[in-house]
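> There's a structure below that I have some questions on.
Protein chains in written order, with my numbering: chain A, 6 to 149; chain B, 4 to 560.
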C-alpha cells in the first residue's frame with residue numbers, strides 16, 4: 006500500500022487526440038492541460054504515486070528528476086487545489102511497461118482553468134472563438 | 004392493387020448536405036469517408052445552422068482530426084468540447100434530481116435524448132440536448148413538482164402557461180439546465196392509459212452506477228419519429244433543418260440486434276400515428292436501405308389497405324395522385340372535401356417561379372394568392388392554358404409570379420360553431436374538454452399561409468374568471484393549414500373548416516369562462532378585429548362536489 010493519486014468522483018475527463026480536458030461536474034469548471042500535463046493525468050488515472058510519476062516522466066523526457074521535480078509537483082498541487090485529484094492510501098495500477106515507448110519533450114505541465122462556463126456556453130462555438138484554437142478560446146475582441 | 008413505395012410523395016425531403024452528413028455518420032468504411040469529403044466540399048462552416056452544428060461532435064468523434072479539413076480542425080474540436088461540457092453538465096444535474104424523485108418512491112422512465120445518449124450514443128457530447136426528459140405517472144405529478152421546486156428548479160414559463168400543456172411541464176434550474184416532466188409520452192395521445200404498454204416494455208440501463216428504466220428500442224423509435232415530425236409540421240416544410248432525430252433512429256437500429264417492428268407498428272396503430280411513422284421510416288429508408296428496407300415498409304404499411312387507402316385518398320385530394328395504379332380507385336375513394344386549397348410551384352435555378360400546378364377549380368384564386376407583376380398578361384396566359392387543356396390538374400409554365408410574403412390581412416372575419424350536441428355544466432379539475440368545431444371563413448379574401456409558415460391561422464381559446472378577468476390568454480392552437488413544401492396553401496371565402504380543439508380545464512375549482520378565438524400568429528387575434536365568438540361558462544368542482552352535484556341533478560330529474 007502506498008500514497009497514491011486518484012481522480013475524484015464527479016470528475017469527467019477525456020483525451021482528445023493528445024489534449025486532455027477535464028470537467029468538474031460539481032462546480033461546472035472546465036480544465037485543459039498541455040501534453041506533459043496530459044501524460045501526468047494518465048498516470049494519475051492509473052493511481053501512480055508521486056515518486057513514480059516523477060521517475061516515469063523523467064525517463065520519458067530524458068531529464069533528471071531534479072530538473073522536473075518543481076514544475077511537476079506544482080502541477081500536482083494545482084490539480085489537488087482544484088479538487089480534481091486526491092491522495093489516498095492504496096495500490097497503484099502501474100505496470101512496468103506503461104509509457105515505455107513514449108518519448109516527450111519536457112515543458113512545465115500547465116493546467117488551464119476556465120471558471121465561468123455558464124457565460125462560455127452562451128457563446129457561439131463557431132463565430133465567437135479563435136479560429137486557430139476553437140472553443141473555449143475566444144476571439145481577441147470577444148475576450149474582455 | 005400494388006402500391007409502389009416510390010410513388011408516394013414524402014413530405015420531408017432531405018437536402019443534399021443533410022443526406023451527405025447522415026450518410027457519412029452512418030455508412031460503413033470506406034464509403035463514409037467519401038460522403039464526408041463531399042459534405043465538406045458543399046458546406047461553409049461559418050454558415051451552418053444550429054441543427055447541423057449539433058451533428059459536428061459526432062463527425063469529430065467518428066473521423067478524428069486526420070479526415071477533417073485542416074482549416075476547420077480547431078473549431079470542430081472546439082464544438083466537440085463545447086457540447087461535451089454542455090451536455091454533461093445538463094445530465095449531471097438531471098441525474099441529481101432524478102435520484103431525488105426516485106428516493107421519494109416515484110417511478111421514473113427516461114426517454115428522448117437522455118435515453119438515447121445513455122443507451123446508444125454512450126457519449127453525451129454526441130447527442131446535444133437542452134433538457135433531460137423523464138416520464139412519470141400523472142398521479143405523481145404534484146409530488147414531482149414539489150421535489151423540483153425544493154431543489155433549485157422552477158417552471159420555465161409563467162405558471163398560467165401550464166394550462167396550455169397537456170402532456171408535459173418544462174422545468175429549469177438556476178443554471179438553465181432543463182428537466183421536462185412528461186406524464187404522457189406523446190403530446191398526440193393524452194388518453195389516461197395510453198402509455199401502459201410503454202411502461203411494461205421498459206428496459207433497464209446503468210446510469211452512473213444506478214439502474215434506470217428507459218423506453219424500449221421500439222418505443223424510442225416511435226417517440227423519436229413522432230417528435231421529429233411534429234416539430235417539422237409546427238415549423239413547416241420550409242424549415243427542415245433539424246435532422247438529429249433521423250440519426251437517433253439510425254443509432255437505435257444500429258445498436259440493436261433485433262427491432263420488433265410489429266410492436267412499433269401496433270403501438271403506432273393504437274395511437275393513430277401510423278402515417279407519421281410511415282413517413283418517418285421512409286425518410287430513413289430513402290437515405291439507405293441498410294437501416295430500413297423497402298420490404299419492411301411494404302410489409303407493415305403498404306400491404307395494409309386500411310393504412311394506405313386513406314393516404315391515397317388524401318393524395319388524390321391534394322392532386323398528387325401518381326400513386327394510384329388502379330384507375331377505378333378514384334371512383335371508389337372520392338376524396339373528402341378538404342378546406343385547404345393549394346397551388347404547387349416549381350422554381351428555376353434563380354429561385355423564380357417558372358411553373359405552377361393546380362386543380363382547374365383553384366384557378367380563380369391564383370392571382371390573389373401570388374404576387375403578380377403583370378396582372379393582365381398573366382390572366383391572359385392563364386385563360387389560354389385553361390382553354391388548351393382538358394385535364395383536371397393543370398401544369399402551366401408561368402412568368403410574373405412571386406410568393407406573397409405579407410399574408411397579414413386587414414379585415415378578419417370568421418364564425419365558430421360548436422358542434423358538440425351537449426356540454427356538461429361542471430367539470431373536474433384538470434379535465435380535458437374536446438370541442439368539435441365548424442369554422443366559417445367569412446372574409447372577402449383568401450386566408451393565405453405565408454411562405455415561412457410563421458403566420459399560421461388556427462383556433463384556440465382564452466380563460467377568464469366569471470368576472471371576465473383574464474386568467475390565461477394563450478393556449479394550444481389547432482391550426483388550419485398543414486404546410487406543404489413548394490405549395491401555396493390557402494382557404495377560400497365561404498369554406499367550412501372542421502376542427503377539434505382540446506381545452507384543458509383549470510386545476511383549481513371555481514367558475515370560469517372559456518372564450519373561443521382565432522389567431523393569425525404574429526399578426527392578431529380575430530376577436531381584436533371585431534369578431535364575436537362563442538363563450539362558455541363552466542364550473543370546475545372538486546371530485547367530492549361532483550358526486551353531490553350529480554346526485555342533486557338526478558334527484559331534480
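Idealized CB from N, CA, C, for every residue including glycine.
List the residues of chain B that residue 132 of chain A touches, going by C-beta distances under 8 angstroms, in chain order.
49, listed in chain order.
> Which chain A residues sit within Cβ distance under 7 angstroms of residue 97 of chain B?
The premise fails here: residue 97 of chain B is roughly 11 angstroms from chain A at the closest Cβ pair, so nothing lies under 7 angstroms.
> List the residues of chain B that residue 26 of chain A touches, going by C-beta distances under 9 angstroms, in chain order.
The answer, in chain order, is 84, 87, 88.
> So the beta strand (DSSP E) residue 344 of chain B belongs to, where does it begin and stop?
344 to 350 is the span of the beta strand (DSSP E), which, as asked, contains residue 344 of chain B.
> Quick one: what's residue 520 of chain B bridged to in DSSP?
According to DSSP, which records beta bridges pairwise, residue 520 of chain B is partnered with B:463.
> Would you mind telling me which residues of chain A sit closer than 7 angstroms to residue 60 of chain B, beta carbon to beta carbon, in chain order?
Correct list: empty, because the minimum Cβ distance to chain A is about 10 angstroms.
> For residue 122 of chain A, which beta-bridge partners are listed by DSSP?
Answer is none; residue 122 of chain A lacks a bridge partner.
> Which value, in whole angstroms, describes the spacing of the CA atoms of residue 293 of chain B and residue 199 of chain B?
Looking at the two C-alpha atoms, the distance is approximately 32 angstroms.
> Among the candidates B:276, B:130, B:177, B:113, whose CA atom is the shortest distance from the CA of residue 151 of chain B?
Closest by alpha carbon: B:177.
> What residues in the stretch 65 to 83 of chain A have a beta carbon less than 9 angstroms from any beta carbon of chain B?
So the list is empty, because no residue satisfies the distance condition.
> Do the stretch 261 to 272 of chain B and the stretch 207 to 216 of chain B make contact, defined as three or more Cβ pairs closer than 8 angstroms?
Cβ pair count under 8 angstroms is below three, so no.
> Curious, which full-length beta strand (DSSP E) runs of at least 3 residues does the stretch 423 to 453 of chain B contain?
Fully enclosed beta strand (DSSP E) runs of 3 or longer: 435 to 444.
> If we define contact as Cβ-Cβ less than 8 angstroms, is residue 56 of chain B a contact residue for chain A?
Yes, contact with chain A.
> Which residues of chain B have a Cβ atom closer than 7 angstroms to the Cβ of residue 22 of chain A, listed in chain order?
Residues of chain B passing the Cβ test: 67, 68.
> Label residue 203 of chain B either buried or exposed according to how many other C-beta atoms from any shown protein chain fall within 10 Å of its C-beta, with 16 as the threshold for buried.
Residue 203 of chain B should be labelled exposed.
> Quick one: give me the first and last residue of the beta strand (DSSP E) that residue 406 of chain B is part of.
First-last of the beta strand (DSSP E) with residue 406 of chain B: 404 to 406.
> Assuming residue 421 of chain B contacts residue 500 of chain B under a Cβ cut-off of 8 angstroms, what Cβ separation, rounded to an integer in Å, is found between them?
That belief does not hold up - the Cβ atoms of residue 421 of chain B and residue 500 of chain B are roughly 14 angstroms apart, past 8 angstroms.
> Answer with buried or exposed for residue 207 of chain B, where buried requires no fewer than 16 other C-beta atoms within 10 angstroms of its C-beta.
So residue 207 of chain B ends up on the exposed side.
> For residue 363 of chain B, count the other beta carbons within 10 Å of its own beta carbon; 16 or more makes it buried, fewer makes it exposed. Which is it?
So residue 363 of chain B counts as exposed.
> Quick one: which chain A residues come within Cβ less than 7 angstroms of residue 77 of chain B?
By Cβ distance, chain A contributes 136, 137, 138, 139.
> If we ignore side chains and look at the alpha-carbon of each, how far apart do residue 35 of chain A and residue 118 of chain A end up?
In a straight line, the C-alpha of residue 35 of chain A is about 6 angstroms away from that of residue 118 of chain A.
> In whole angstroms, what is the alpha-carbon distance linking residue 529 of chain B and residue 447 of chain B?
So the two alpha carbons sit approximately 15 angstroms from each other.
> Taking only runs that begin and end inside the stretch 23 to 65 of chain A, name each unbroken beta strand (DSSP E) of 3 or more residues, in chain order.
Listed in chain order, they are 24 to 29, 35 to 38.
> Just to confirm my understanding: we take residue 96 of chain A, look at its own chain, exclude 5 residues before and 5 after, and list those with CB closer than 8 angstroms. What are they?
If we look at residue 96 of chain A and ignore the five residues flanking it on each side, its Cβ neighbours are 6, 7, 9, 52.
> If the cut is a Cβ gap below 7 angstroms, which residues of chain A does residue 91 of chain B touch?
Chain A residues near residue 91 of chain B: 17, 28, 30.
> Helix, strand or coil: which one does DSSP assign to residue 188 of chain B?
Three-state result, residue 188 of chain B: coil.
> Would you mind stating whether residue 189 of chain B and residue 226 of chain B have Cβ atoms separated by less than 8 angstroms?
Going by C-beta atoms, residue 189 of chain B is nearer than 8 angstroms to residue 226 of chain B.
> Please report the distance separating the alpha-carbon of residue 59 of chain A from that of residue 87 of chain A.
Those two C-alpha atoms are separated by around 21 angstroms.
> In or out: residue 288 of chain B buried (at least 16 other Cβ within 10 Å) or exposed?
Buried is the call here.
> DSSP three-state call for residue 536 of chain B: helix, strand or coil?
If DSSP states are grouped into helix, strand and coil, residue 536 of chain B belongs with coil.
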